[in-house]
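S.K.:
Residue numbers (our numbering): 1 to 92.
1) Would you call the CB atoms of residue 3 and residue 29 closer than 7 angstroms?
2) Identify every residue that forms a DSSP beta bridge with residue 52.
3) Alpha carbon to alpha carbon, how far is residue 46 from residue 23? Give it in angstroms, no decimals.
4) Is it right to say residue 48 is buried, meaning 16 or more other beta carbons lie within 10 angstroms of its own, or is it exposed?
5) Tell me the residue span of the alpha helix (DSSP H) that contains residue 16.
6) From this set, 85, 6, 74, 19, which residue's C-alpha is nearest residue 61's C-alpha?
7) Where DSSP assigns a beta bridge to residue 32, which residues make up the other side?
8) Measure the alpha-carbon distance for residue 33 versus residue 90 and round it to whole angstroms.
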């Protein structure tokens, strides 16, 4: 069946690095997207088995990605599970 692919979308490169590293050590193929627009592009190109989305991203956040996926043009991707991952970094 092959390695499962996980698409991770976040605007914070540090979060992408950490989540990507954790998933790769568990044997997953990880696709990284730096925001919602890139996430949708990579969803079509890579056809992942799972998506991990940040809610708070500029331009197109996780809510907007989810809403976009409800449109008829995205119907073939509705079966892809979505996990929401969000964090707020406090600056000292």
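Built from N, CA and C at the ideal position, the CB exists for glycine as well.
M.R.: The structure says:
1) The criterion of a C-beta distance shorter than 7 angstroms is satisfied by residue 3 and residue 29.
2) Bridge partners of residue 52: 8, 83.
3) Using only the alpha carbons, I get a separation of about 17 angstroms.
4) In summary, residue 48 is buried, with 16 or more beta-carbon neighbours lying within 10 Å of its beta-carbon over all protein chains present.
5) Counting along the chain, the alpha helix (DSSP H) containing residue 16 begins and ends at 13–25.
6) Of the candidates 85, 6, 74, 19, the residue whose Cα lies closest to the Cα of residue 61 is 85.
7) BP columns for residue 32 point to 8.
8) Answer to the nearest angstrom: the Cα atoms are 23 angstroms apart.
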